[in-house]
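Working notes, structure below.
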Amino acid sequence: MSLNEKIQSISEAFLKDKNDFNSGLITFEELKNKYLSRKGLLSELYPLLNDIPDSDKPVFGKKINSVKNEISYEINQLIDDENSSSDSSFSIDSTMPGLDKLSGSIHPLTKIIEEIKSIFSRIGFSTIYGPEVDTDYYNFEALNIPKDHPARDMQDTFYIDKETLLRTHTSSSQIHFMEKNQPPIRVISPGRVYRNEDISVRSYCLFHQIEGLYIDKNVKFSDLKGTLDYFAKNLFGENVKTRFRPSYFPFTEPSAEMDVSCIFCNGKGCNICKYSGWLEILGCGMVDPEVFKFVNYDSDLWSGFAFGVGIERIAMLKYGVKDIRMFYSGDVQFLKQFKL
Ligand SMILES: [Zn+2]
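Here you go:
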């Protein structure tokens, strides 16, 4: 048998042995030993190179190498296939649920604040911020609430010392802004406020407000009504009706509370609106000329309106949250409902 025939016969024998291995007639070790070991069929070919003419050696050398590479590649493939089909740790169960990627969500109070900012920015209001730790002067006196004024009882206050306090409303940022700016003014001011109240389902020691202030020449109560009606319709929907009831705040005159028709029963009456058909949303009024005196505005020239919205109240209504404390609980189950 020539060398060429020998190489050919090894190739053919391997095909047969491969089939035998797949049928389970020989083991992997037997197959590997027969072809790839030091005494295997392929190793036996190399000494035969000495028996052929020198000029043929490179050609046959290449041939033997290529058959050897082919057979060892195929044998390695067989062991890989064997491993992947018998080793269950490598298998993939495509019916298993995937890994859930956790993502954060926007806090519901932040969502409401952003929405209200966006509604007012469309009609030219810019956003300003005031300090949370403030003085008695900015929080009370300059808002026409002198010491001993009974209105101070409406807001139980956290005092830091005799003159310093945690602001009880965002109205204090009005004074800071007016001191530094001249009319016309069109601003809203969101932020935290603090009151020393008993903690319950309805009240908490801190909450959020958005204050609004509009000052220009010839501003009338009808401007206030138009602006806040636009706000209510954008926040709760086009079909919402508004009404204004007389009220009292020391820094506005006249003062009012604005109600919207109940968003749950469309004004027919339900337990959320206590069967009145209306929900109280915010306090507002024309800025009292007394307040203008504190910031040296000419009240014969300028007039304006102010309003204050409680963010928690709006969020509780919009999202059907029954307990105000949920907003401060950090409860992930509660918060993840507000994913975008
Ligand atoms: Zn209702």
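The number in the numbering used here is simply the position in the sequence shown, starting from 1, with 14 added.
The beta-carbon is built from N, C-alpha and C at its ideal position, and this holds for glycine as well.
Here the structure is a predicted model, which is why all the values come from computation and not from measurement.
From what residue to what residue does the alpha helix (DSSP H) around Q188 run?
The residue labelled residue 188 in the question sits at position 174 within the sequence shown. Run containing Q188: S186 to K194, per the alpha helix (DSSP H) assignment.
Taking only heavy atoms of ligand 1 into account, decide whether any of them is closer than 7 Å to the Cβ of I137.
Taking the sequence shown and counting its residues from 1, the one referred to as residue 137 is at position 123. Result no, Cβ not under 7 Å from ligand 1.
Buried versus exposed call for D302 [16 or more other C-beta atoms within 10 Å across all chains shown]
Stepping through the sequence shown from its first residue, residue 302 is reached at position 288. Buried, by the Cβ-count rule.
Give the secondary structure of L220 by DSSP, where H, G and I count as helix, E and B as strand, and everything else as coil.
Position 206 of the sequence shown, counting from 1, holds the residue named residue 220. Here L220 carries a strand assignment [DSSP, helix/strand/coil].
Determine the DSSP secondary structure at P264, reduced to helix, strand or coil.
For this step, residue 264 is matched to residue 250 along the sequence shown. It is coil, neither helix nor strand.
Are the beta-carbon atoms belonging to I295 and M272 less than 8 Å from one another?
Position 281 of the sequence shown, counting from 1, holds the residue named residue 295. Position 258 of the sequence shown, counting from 1, holds the residue named residue 272. Cβ atoms of I295 and M272: closer than 8 Å.
Would DSSP call S57 helix, strand or coil?
Residue 57 sits at position 43 when you count from the first residue of the sequence shown. Residue state, collapsed to three classes: helix.
Below 8 Å CB to CB, which residues in the same chain sit around M110 once its five sequence neighbours on both sides are set aside?
Within the sequence shown, residue 110 is the residue found at index 96, counting from 1. Answer for M110: no residue qualifies.
Comparing alpha-carbon positions, which option in L17, S108, S140 and A27 lies nearest D65?
Taking the first residue of the sequence shown as position 1, residue 65 is located at position 51. Ranking the options by Cα distance to D65, first place goes to L17.
Decide yes or no for the touch test of the stretch 128-148 against the stretch 162-171: beta carbon pairs closer than 8 Å, at least 3 of them.
no
Among Y289, G344, Q351 and I325, which has the Cα closest to the Cα of T124?
For the purposes of this step, residue 124 is taken as residue 110 along the sequence shown, with counting starting at 1. Closest option to T124, Cα to Cα, is I325.
Between the stretch 224-236 and the stretch 308-328, do three or more beta carbon pairs fall short of 8 Å?
As far as the Cβ criterion goes, the stretch 224-236 touches the stretch 308-328, which means the pair count is three or higher.
Closest to V309 by CA distance: which of S23, Q22 and L157 is it?
Locating residue 309 in the sequence shown gives position 295, counting from the first residue. Looking at the Cα atoms, L157 is the closest of the given residues.
By the three-class DSSP mapping on this structure, what secondary structure does D114 have?
Position 100 of the sequence shown, counted from the first residue, corresponds to residue 114. In this structure, D114 counts as coil in the three-state DSSP scheme.
So, under 8 Å CB-CB, W292 and R339 are touching, yes? Tell me the CB distance rounded to an integer number of Å.
Taking the first residue of the sequence shown as 1, we reach residue 292 at position 278. Taking the first residue of the sequence shown as 1, we reach residue 339 at position 325. Separation of the CB atoms of W292 and R339 is rounded to 26 Å, and the pair is thereby denied contact status at 8 Å.
Measuring only the C-alpha atoms, how far is D212 from I133?
Residue 212 sits at position 198 when you count from the first residue of the sequence shown. Residue 133 sits at position 119 when you count from the first residue of the sequence shown. One C-alpha to the other measures close to 33 Å.
Going by C-alpha to C-alpha distance, which of S37, D114 and I127 sits closest to L249?
Stepping through the sequence shown from its first residue, residue 249 is reached at position 235. That would be I127, whose Cα lies nearest to the Cα of L249.
Helix, strand or coil at Y289 according to DSSP, with G and I counted as helix:
In the sequence shown, counting from the first residue as 1, residue 289 sits at position 275. Looking at Y289 - three-state DSSP - the assignment turns out to be coil, as it is neither helix nor strand.
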